[in-house]
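Taking our numbering, the leading residue of the sequence shown gets 20, the next gets one more, and so forth. All C-beta atoms, glycine included, are put in the ideal place defined by N, C-alpha and C.
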Amino acid sequence: MTSEPSAPLSHRVPDLGALELLLAVARHGSLGRAARDVGITQPAASSRIRSMERQLGLALLDRSPRGSRLTDSGALVTDWARRVVESAEAFDAGAQALRDRRDSRLRVAASMTIAEYLLPGWLIALRAERPGTAVSLLAGNSAVVAERLLTGDADLGFVEGLSVPEGLDGTVIAHDRLVVVVAPSHAWARRRTPLTPRELAATPLILREHGSGTRQVLDAALAAHGPLAPPLLELSSTTSVKGAAESGAGPCVLSELALGEELSARRLVKVPIAGVRLRRQLRAVWPAGHRPTGPARDLLSLTRSEPSGGMA
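See the structure below:
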């Protein structure tokens, strides 16, 4: 059995502010004291009561030099108004409780580079603004981040791929650059000329797994210069890729954000490459049609205000 749709409220139903003013008049027996109680001037209060009387088509007050007295109709309307205002207060308290529960936690899913090199600074800044919010972080590749958001297991995500994953909305928060690096003992470390895209495509590389933003950007950039050589190794974390490259296993391509320490200490050496664009956009993402609110909105705002060192 289906219920009939409820009719919209009549245009004769006063707003909550007018009903609260009427209740104040009933309490104080004076329009002037009621006006002070609700924080408006007496002329404004008088105008609002008259407007409500016209709206309802009823006389609500008998006005005299001794004060304002409810008419019989006004007394009945006041009883109804009290129930409406009490229900509105319960509604407001319930909505606040829901906001408090929402604001008590924040679940973030982020691809590996953002999780390791950018999010810590953003989360420290968020804690200063919202010390009562407990934050949980899941680090995974961009495909995992999208899945967590779509299943409702995360409130806000960060990805590094070529585009916003299907079913999500997003915004660009920064730009990043991928670079080719090798161990100092590798022959490419002593090259005098930049690599060509064809050379890089034909070389077995130490790569992140399919589904990672780094892999998506690299495969797309080299697709026109293929065929692509099979990977030398496929590893599921940036740290493991760097470790394999440092050991001399072969070249790798990683975010410049993730290589600052290794390049400074010359444990890895950057190899210039010409003729291919290895830049990518870093995005905040969320389920389509559900703009971030509460702590998620605040964290998104911080990603745009905090400096992101190393990004071009």
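Residue i - partner residues in DSSP beta bridges
i      : result
Ala100 : Ala100 pairs with nothing; no bridge assigned.
Asp302 : The identity of residue 302 in the sequence shown is Arg, whereas the question assumes Asp. Beta-bridge pairing links Arg302 to Val178 and Val191.
Val290 : Val199
Glu253 : Leu226
Gly86  : Ser83
Ala158 : Ala129
Val272 : Val199
Leu214 : Ile292
Classification of residue i by the beta-carbon crowding that lies within 10 angstroms, buried from 16 upward
i      : result
Val191 : exposed
Thr233 : buried
Gln300 : buried
Ala284 : exposed
Trp12  : This structure does not reach residue 12, given that the chain is present from 20 up to 331, and the question cannot be answered.
Val32  : exposed
Gln115 : exposed
Trp305 : buried
Gly151 : exposed
Arg227 : buried
Ala62  : Checking the sequence shown, residue 62 turns out to be Pro, not Ala. The residue in question, Pro62, is exposed, as its Cβ has fewer than 16 Cβ neighbours within 10 Å.
Phe177 : buried
Glu281 : buried
Glu185 : exposed
Glu179 : buried
Ile133 : buried
Ile225 : buried
Ala112 : exposed
Test item: CB-CB of residue i and residue j under 8 Å
i      : j      : result
Leu40  : Val104 : no
Gly195 : Ser274 : Correcting the residue type first, residue 195 is Asp in the shown sequence and not Gly. Contact flag set, yes.
Asp294 : Pro246 : According to the sequence provided, residue 294 is Gly. The question's Asp does not apply to it. No, these two residues do not count as a Cβ contact at 8 Å.
Thr97  : Ala45  : yes
Gly267 : His205 : yes
Leu187 : Ala315 : no
Pro203 : Gly269 : no
Ser83  : Gly48  : no
Ala221 : Ala243 : no
Ala303 : Gly189 : yes
Leu297 : Ala240 : yes
Ala264 : Val183 : no
Ala100 : Leu138 : no
Leu79  : Ile68  : yes
Ser73  : Gly313 : First, the residue type needs correcting, since residue 73 is Arg and not Ser in the sequence shown. Result no, Cβ atoms of Arg73 and Gly313 do not sit closer than 8 Å.
Supposed close pair residue i, residue j - CB separation, criterion 8 Å
i      : j      : result
Leu214 : Val199 : 6 Å
Val154 : Leu175 : Actually they do not touch by this definition, with Cβ atoms about 10 Å apart.
Leu77  : Ser92  : 5 Å
Leu169 : Ala128 : No, Leu169 and Ala128 are not in contact; Cβ-Cβ is about 11 Å, not under 8 Å.
Leu237 : Leu197 : 6 Å
Leu287 : Tyr136 : With a Cβ gap of about 16 Å, Leu287 and Tyr136 do not count as contacting.
Val290 : Trp207 : 5 Å
Asp317 : Arg167 : Not really, about 20 Å apart at Cβ, beyond 8 Å.
Leu35  : Ala94  : Going by Cβ atoms, the distance from Leu35 to Ala94 rounds to 19 Å, so no, they are not a contact pair.
Ala54  : Leu321 : Incorrect: roughly 43 Å between the Cβ atoms, too far for contact.
Ala162 : Gly230 : 4 Å
Give, in chain order, every unbroken run of the alpha helix (DSSP H) that is at least 4 residues long and sits entirely within the segment 120 to 152. Note on the segment 120 to 152: whole alpha helix (DSSP H) runs with a minimum of 4 residues are 131 to 136 and 138 to 148, in chain order.
Quick check for students: name the residue ranges of the alpha helix (DSSP H) that lie wholly in the segment 25 to 84, counting only runs of 4 or more. Taking only runs of at least 4 residues, the alpha helix (DSSP H) segments lying wholly in the segment 25 to 84 are 35 to 47, 50 to 57 and 61 to 75.
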